[in-house]
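Q: Provided herewith is a single structure, encoded as structure tokens, for subsequent inquiry.
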Amino acid sequence: MASCFRLCLISVWRWIDPIYFACTRLSYLAQDDGDPVFRVRLAKYKGPDRTLTDGVKIRRNDLLVKIHLHNAKLLRELCANGNDLMKGRLLYQRILQAMPYLASHVSRHKKSDKIKGIIGVTLLSRSSDRLGFDSFPIQSRAYLAMKSLTCYPIFWLSTRRPFKRKHRKLVPKYLFMSKETLLNMYTPESR
């Protein structure tokens, strides 16, 4: 019953997603397989100054590429897989496969020389450091509440047991990566 309800919600979301996409400034990140995981847009950073692991400082009004996972597409894939561990591995692999395309997008962008890095917000930041991201808490309570309202329903749809005790500790966080780290880790020539 619960899985049927979940599939119905995902179907409704897939129908609404093109409307959401049309109302945002997002664009698809092209991939060879034609199945993009990321949608991106340029954004000026508005939070507090951050110093990343590689020493790069992200300051207010720095130009960043904001990344969004294509959740409607990913949820459909995740629901086809069994347990949460398998879903986590699938999500990690899909993001890892998409990172070189993100690096290519940033390096070829007409404003590449002004782009300082990439930014995203996620509830699932546990393995993000293995991908090269630095995670930071969201300090604005209003923004944290808004991101929680959008992140938790996605998480609840993706997992079989969303109300387990360990899941209650999940909080949306910022993910940052400097342009240099992105290009060093994911440009095909540097691998």
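Residue numbers (this note's numbering): 2 to 192. Built from N, CA and C at the ideal position, the CB exists for glycine as well. No experiment lies behind these values; they were computed from the predicted model shown.
Got a sec? Which residues, its chain only, sit under 6 Å from residue 62 by beta carbon, not counting five neighbours each side?
A: So the list reads 45, once near-sequence residues are dropped.
Q: Between the beta-carbon of residue 92 and the beta-carbon of residue 75, is there less than 8 Å?
A: It is a contact, given that the beta carbons lie within the stated cut-off.
Q: Would the segment 173-180 count as touching the segment 121-140 if we require 3 or more Cβ pairs under 8 Å?
A: Result yes; three or more Cβ-Cβ pairs closer than 8 Å.
Q: Taking just the CA atoms, how far does residue 101 sit from residue 182?
A: Their backbone Cα atoms lie some 12 Å apart in a straight line.
Q: Could you tell me which residues DSSP pairs with residue 175 in its beta bridges?
A: For residue 175, which the question treats as bridged, DSSP gives the partners 122, 137.
Q: By how many angstroms is the C-alpha of residue 17 removed from the C-alpha of residue 140?
A: Rounded to the nearest angstrom, the two C-alpha atoms are 30 Å apart.
Q: Can you give me the Cβ contacts of residue 26 inside the same chain, cut-off strictly under 7 Å, excluding the 5 residues immediately before and after it?
A: Same-chain partners within the cutoff: 42.
Q: Answer with buried or exposed for residue 20, where buried requires no fewer than 16 other C-beta atoms within 10 angstroms of its C-beta.
A: Answer is exposed; the Cβ neighbour count stays below 16.
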